[in-house]
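Asks: Just passing along the structure, written as structure tokens.
4 protein chains.
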Amino acid sequence: MSVEKIPVGVLAATGSVGQRFVQLLDRHPWFKVVAITGSNRKIGRPYGEACHWVLADPMPAWAQSMPLSESTPDAIDVPLVFSALPSTAAADIEPAFAQAGVAVCSNASAHRSAPDVPILMPEVNPDHTALVPVQRQNRGWSGCIVTNSNCTCAGLTVTIKALNDAIGVRRAFVVSLQALSGAGYPGVASIDIHDNVIPYIASEEEKVEWEPRKMLGALENGSVQLADLQISVHANRVAVSDGHLVCLSLELAEQIAVDEAARILDTYEAPDISQSLPFTPEPVILVQDEPDRPQPRLDRLRGSGMTTVVGRIRPDPLFHLKMVVLSHNTIRGAAGGSIYNAELLVKQELIG
Amino acid sequence: MSVEKIPVGVLAATGSVGQRFVQLLDRHPWFKVVAITGSNRKIGRPYGEACHWVLADPMPAWAQSMPLSESTPDAIDVPLVFSALPSTAAADIEPAFAQAGVAVCSNASAHRSAPDVPILMPEVNPDHTALVPVQRQNRGWSGCIVTNSNCTCAGLTVTIKALNDAIGVRRAFVVSLQALSGAGYPGVASIDIHDNVIPYIASEEEKVEWEPRKMLGALENGSVQLADLQISVHANRVAVSDGHLVCLSLELAEQIAVDEAARILDTYEAPDISQSLPFTPEPVILVQDEPDRPQPRLDRLRGSGMTTVVGRIRPDPLFHLKMVVLSHNTIRGAAGGSIYNAELLVKQELIG
Amino acid sequence: MSVEKIPVGVLAATGSVGQRFVQLLDRHPWFKVVAITGSNRKIGRPYGEACHWVLADPMPAWAQSMPLSESTPDAIDVPLVFSALPSTAAADIEPAFAQAGVAVCSNASAHRSAPDVPILMPEVNPDHTALVPVQRQNRGWSGCIVTNSNCTCAGLTVTIKALNDAIGVRRAFVVSLQALSGAGYPGVASIDIHDNVIPYIASEEEKVEWEPRKMLGALENGSVQLADLQISVHANRVAVSDGHLVCLSLELAEQIAVDEAARILDTYEAPDISQSLPFTPEPVILVQDEPDRPQPRLDRLRGSGMTTVVGRIRPDPLFHLKMVVLSHNTIRGAAGGSIYNAELLVKQELIG
Amino acid sequence: MSVEKIPVGVLAATGSVGQRFVQLLDRHPWFKVVAITGSNRKIGRPYGEACHWVLADPMPAWAQSMPLSESTPDAIDVPLVFSALPSTAAADIEPAFAQAGVAVCSNASAHRSAPDVPILMPEVNPDHTALVPVQRQNRGWSGCIVTNSNCTCAGLTVTIKALNDAIGVRRAFVVSLQALSGAGYPGVASIDIHDNVIPYIASEEEKVEWEPRKMLGALENGSVQLADLQISVHANRVAVSDGHLVCLSLELAEQIAVDEAARILDTYEAPDISQSLPFTPEPVILVQDEPDRPQPRLDRLRGSGMTTVVGRIRPDPLFHLKMVVLSHNTIRGAAGGSIYNAELLVKQELIG
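Protein chains in written order, with the working numbering: chain D, 2 to 353; chain R, 2 to 353; chain Y, 2 to 353; chain P, 2 to 353.
Have a look at this one:
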């Protein structure tokens, strides 16, 4: 890397994922935030005033006084932006940046289903960055849009990837217990979730049944062939601040021993090109032996929130294996994932 | 019923299920609590002092001053006891009562797996009371032991029963989100569950994978032929006071429409002999149409806590149907279920 | 009372206090809800659809299909309305009803500070209904506006009233721990209160420092002379569904024994005219002896949520007595209080 | 400091404060944990197995395999121990270590009231270490016992100290909202605190009414003259993981402006000898201007959990000032405070 940091912007920095971008980019070795954007009625106000900060880590000092800019490529002149835009806004704003030559690393779902836009996890499918030149050619862009997956998909997809590479995974039952921060801010009303579970999250089940298939799919002729994998999802909201837990039952190509599965997960490594980047999870997957782990409060910050934690691997009476998977929804499943994506783009010289 | 109420005892009345027995039996039209028992070091003390009452409904006045007796048939002379004993204690104490001619309606798991002891749900398998004469003959008892199921099994089994009768159920994926009161008192430490989920409950998954098969099984030659049904369970503890929620995916004998499934569940009725008893759930199953229901805080007290609430019925990409099932764990799933069992025994003249 | 019930309306019935009005008025012996109002964009829609019901008790069947009306005296023709309007809307809408001859029993703070509008608690100051004729004369109304106090003031004021009558109360330190339902719906964002306390509630401390002084004041020449009592308040929001807890230190006219204080509170009775009404609290004050009570979850529903619960009475090293006071914020402190007010108005023939 | 670290032991390392000692001493620049002790039935077992770790930060690797020793000076040969012993055990065990020449920095309350044992906060009363020679002479010890205060007293006492030095503080009303971790492990049962507040903590109010007076007192003839300050305390347990919040009303020697109070608190510095130690809080007091701060979840980790956070400074209608004070109960109020004490003892050459 050059000694000089790459100037970056954060789109929609006042929301809950936007805040996480600001917090994680503080002291990033490669990137320096020089612009942050917010809704139109807040433009020009300092971030410290305009933002209702909800993270336990204090707002970085440099962000306090940074004025909010408009979310347009004219307003902020940088080669790379991180987008925490809501999906409807992202539909138009992100292409405008890509058109203007900016690499957009996005947490929004708006473009995930486009055939030439990758849903990227560097520890899973770094080869999918091959869609960037396709995208540029298709759309006449000099920039690009690269998305990270839905927050629940992140840990789930890494886990399936490791077992799929080693054995083959055919079907997956998934029940998620998702944290409050996944709903943004203000998100869930306290009276709705207090002493309660909400067994429904709008549009979530559809995403989690589809996105892993794209991430695990093979590139063919400039688009992704969906992986031959069937997934059934039940999504629940629970009263946990951060950390999405997934109960997972897997049908494999063949039965394997619990120890063997643990070994496969424990030794899974990111592809070479995705290793040794600043946000590379260390380890990619942590396997726990205790009978009652992982747990969100105790394990969500493993590997600085980038590690996927798997435990309770055991035989399943219907399929082959049961297990519990945890990953941090606003770090590995959102802002941290997008930063890791950007690092991969830099390494592949796809930015600027 | 006779005008005079049947005198009953509550074994281990100071625990969380024991308290629920005391609360639900207050003003019961058929039963009158005349004795309550507690651990040996508390015998003779008034219940109001010896018991750390954790229910929101106040302790009934008559219970306040009732002294704790020893858990032996000599100490309490009644034809019927409700047992909230821990499983290890139940192993010996309950047979002693049955031997002495007492009908034991038990919430303990100790005897559930015995071939001649029914796991009884009057709205599911009232015919299993035919095991009572078998049990008496086998063991030379004049009393009997009749158990209710594990708390998580209750709503689940009714739901499967209705669909099994109508269509046939072959396989079930079950992920439970279980309430704190299911762990007894003191149960789960607050620091363990606060801002957290615990994806493990000791011995729970085994029970929920097996007990429904016994309850749904056919009586043959004085024992139960387990139902031909495979179940896979993931059990989780969540920060909810009462009400166990289950995410359920079912493989049926054939695909049916969501509306048809809703109709089957909504119109399910208890067998005739189990209807119109004081604790008969009204309705047995409540089907909800809202996209985000049932929820524990809002729906656990439907039908005074005896009704099973089912919602979010929708197609499952792997099996046939997904749905969410809620039932109150200390009412329908424990004390209320045992009282309903006792009512059935009275109606069948199997008590006293 | 006449055999025929008085037809009533509920203004702003879709909010959290409005829902409580609907729930508490179900099967009320004197009142029958014939109209409910909501925000303009929802008019005409059935309540069951337009309202996000957040109470654990199910919505009454009659309310499900009742269409929402506009909040104007033309739209709903009744002699009595209960108002759960937000304060800004109440400022204009409530006088329009009073002008049209309707008795308005209001939970809004908009008119509480008007000299001719009583803040009424029948068990404390039923004589303040003497402001109704004053109000009618001042304003040329044939109806009237009668308010209940801020939710935190309710239990606090009854407690002070009892001790003030018996001994005299000079100064009060008050720290409240207030429930989520007090903030309305959606109210507090879950991510703000989860694993947290918010030591601030907008405008709350001012109200609680002033309203008890008006309720405890003497009527003189058609207005209230504020009671000579100084109050200091710290208001906090905590993660509790219902029930406002108050830590209270009192400086009395003279020191009294703890037992004497307990006796005074325990034997406090509502003035004769306020007794034996449908919503009269039974008892008005419940005194608890246990060292760790009252607690919101266990004690908020005493006396159907209308009773004030006091415990932990003990000497105070600075003033004279410390104690803990609990009352249900949306029942005694809001909707239930307003219904009790209306019952008093009916008894005094001030309605219709 | 010398290049070689001082070997230290942690007594009762498996409890919740003991775990915090282990976590905070990881990589401490001066101290190296070489021994940890636990209850007799666990002796010899590795800490990683014997300890139910409840902190979100993972257990340090070196601690996992360290075997538990007996809590006697024979079993562990170090010049300094940190004690997380329960008070009853501390009564005998801590003097045995002091007798054997060991400096005991204790979190237990057992010896706090002894006239020759300091309750030490380096940023408040470092001169109270003058009791160490007195203690040695009185008791014939070559070691010593130095205690930190009750967890609730810590932030409270620093706040009062700053205002007392500048203006004079005469009376304090204190209502605490205390976190779950303050109750140790297993501590509070989840069913007791879920959806609830417990307005009682055994022996807590007495401690908080007395300990600040000792810490703020003057040394005279080898003992502490209690500060002339009256305190009234109401203690509450709330559902927060960490961080004790205090609502505080102060009677000063004279009224001062809110701005002046903020300036006094904001500029308060530790005495010279207590500055620049590894655990010196930076800053000692953080004053917040936002209307709704401090809040436990957002502010408890300021200054790595050693800073006291004060906000909502405003006039009090009865006394002079109201404010809200937050400090981390297991860091500044327990283990971190004891480590800071030990650093002061090292600097004053009172160890070893």
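Ideal Cβ placement from N, Cα and C applies to all residues, glycine included.
Would you say P:I232 faces chain Y, with C-beta separation under 9 Å as the test?
Replies: Yes, its Cβ sits closer than 9 Å to a Cβ of chain Y.
Asks: Are the beta-carbon atoms of R:K43 and R:A36 separated by less than 9 Å?
Replies: Going by C-beta atoms, R:K43 is not nearer than 9 Å to R:A36.
Asks: Could you pull out every residue in the same chain whose Cβ sits closer than 7 Å to the Cβ of R:D267, ignoring the five residues on either side in sequence?
Replies: Taken in chain order, the residues that qualify are I286, V288.
Asks: Please report the distance separating the alpha-carbon of R:Y186 from that of R:G16.
Replies: R:Y186 and R:G16: Cα-Cα distance of roughly 6 Å.
Asks: Could you check whether D:P272 and D:P127 sit closer than 9 Å to each other, using their CB atoms as the reference points?
Replies: Their beta carbons are under 9 Å apart, which means D:P127 touches D:P272 by this criterion.
Asks: Just the chain R side, please: which residues come within less than 7 Å of D:V325 by C-beta, in chain order?
Replies: Near D:V325 (Cβ distances below 7 Å), the residues of chain R are P200.
Asks: Are the C-beta atoms of R:S242 and some chain Y residue less than 9 Å apart?
Replies: It does: the Cβ of R:S242 has a partner Cβ on chain Y nearer than 9 Å.
Asks: Is the region 81-90 of chain P touching the region 6-20 of chain P in the sense that three or more CB pairs, one from each, lie closer than 8 Å?
Replies: As far as the Cβ criterion goes, the region 6-20 of chain P touches the region 81-90 of chain P, which means the pair count is three or higher.
Asks: What do you get for R:S143, buried or exposed, if any count of 16 or more other CB atoms within 10 angstroms of its CB means buried?
Replies: Under this definition R:S143 is an exposed residue.
Asks: Taking C-beta to C-beta, are P:R315 and P:M307 nearer than 9 Å?
Replies: Their beta carbons are not under 9 Å apart, which means P:R315 does not touch P:M307 by this criterion.
Asks: Need the endpoints of the alpha helix (DSSP H) that P:S88 sits in, please.
Replies: Unbroken alpha helix (DSSP H) run through P:S88: 88-100.
Asks: Which one of Y:V135, Y:H29, Y:Q24 has the shortest CA to CA distance from Y:G49?
Replies: Minimum Cα distance to Y:G49 is reached at Y:Q24.
Asks: Step through the CB atoms of chain R and report whether any lies within less than 9 Å of the CB of Y:R28.
Replies: No, Y:R28 lies away from the interface with chain R (no Cβ there is under 9 Å from its Cβ).
Asks: Under 9 Å, do Y:L157 and Y:V225 count as touching if we go by C-beta distance?
Replies: Going by C-beta atoms, Y:L157 is not nearer than 9 Å to Y:V225.
Asks: Look at the alpha carbon of D:I265 and the alpha carbon of R:A111, and state the distance between them as a whole number of angstroms.
Replies: If you take the alpha carbons of D:I265 and R:A111, they lie about 39 Å apart.
Asks: Could you tell me the boundaries of the beta strand (DSSP E) in which P:Q231 lies?
Replies: Its beta strand (DSSP E) spans residues 231-238.
Asks: How long is the line joining the alpha carbons of Y:R298 and Y:D243, rounded to whole angstroms?
Replies: Cα-Cα distance, rounded: 8 Å.
Asks: Determine the burial state of Y:T153: buried for a count of at least 16 other Cβ atoms within 10 Å of its Cβ, exposed for fewer.
Replies: Answer is buried; the Cβ neighbour count reaches 16.
Asks: Count the CB pairs spanning the region 28-35 of chain P and the region 94-108 of chain P that are closer than 8 Å, and state whether there are at least three.
Replies: The region 28-35 of chain P vs the region 94-108 of chain P: no contact.
Asks: Any beta-carbon of chain D closer than 9 Å to the one on P:D196?
Replies: With 9 Å as the cut-off, P:D196 counts as an interface residue toward chain D.
Asks: I want to know whether the region 130-140 of chain D touches the region 171-189 of chain D - three or more CB-CB distances under 8 Å.
Replies: These segments do not touch.
Asks: Got a sec? Which residues, its chain only, sit under 8 Å from P:K348 by beta carbon, not counting five neighbours each side?
Replies: Correct list, in chain order: I274, L278.
Asks: Going by DSSP in three states, D:S250 sits in which element: helix, strand or coil?
Replies: Residue state, collapsed to three classes: strand.
Asks: Compare the C-beta of D:E210 with all C-beta atoms of chain R and state if any pair is closer than 9 Å.
Replies: It does: the Cβ of D:E210 has a partner Cβ on chain R nearer than 9 Å.
Asks: Quick one: which chain P residues come within Cβ less than 8 Å of R:A190?
Replies: Near R:A190 (Cβ distances below 8 Å), the residues of chain P are Y186, P187, G188, V189, A190, S191.
Asks: Using a beta-carbon distance below 9 Å, is R:S177 in contact with chain P?
Replies: False, the Cβ-Cβ gap to chain P never drops below 9 Å.
Asks: Run the CB neighbour count on P:E255, radius 10 Å, all protein chains shown included, and call it buried at 16 or more, exposed below.
Replies: It is exposed - the Cβ of P:E255 has fewer than 16 other Cβ atoms within 10 Å.
Asks: Considering just the uninterrupted stretch of the alpha helix (DSSP H) at D:Q20, what are its terminal residues?
Replies: Start and end: 17-26.
Asks: Just to confirm the assignment, what range does the beta strand (DSSP E) spanning D:S328 have?
Replies: Its beta strand (DSSP E) spans residues 322-328.
Asks: Going straight from the alpha carbon of Y:A99 to that of Y:A90, what length do you get?
Replies: Rounded to whole angstroms, Y:A99 to Y:A90 spans 14 Å at the Cα level.
Asks: Residues in the region 156-170 of chain R with C-beta within 9 Å of chain D's C-beta atoms, listed in sequence order?
Replies: Those residues of the region 156-170 of chain R that come within reach of chain D (Cβ to Cβ, closer than 9 Å) do not exist; the list is empty.
Asks: Taking only three categories from DSSP, how would you classify P:K43?
Replies: P:K43: helix per DSSP, three-state reduction.
Asks: Which of helix, strand or coil does DSSP assign to P:T160?
Replies: The answer is helix: DSSP assigns P:T160 an H, G or I state.
Asks: Give me the Cα-Cα distance between Y:P318 and Y:C106, rounded to the nearest whole angstrom.
Replies: Approximately 41 Å between the Cα atoms of the pair.
Asks: Would you list the one or two residues that DSSP bridges to R:F174?
Replies: BP columns for R:F174 point to R:S233, R:S250.
Asks: Pull out every residue of the region 42-65 of chain Y whose Cβ sits closer than 7 Å to any Cβ of chain D, in chain order.
Replies: Within the region 42-65 of chain Y, the qualifying residues are V55.
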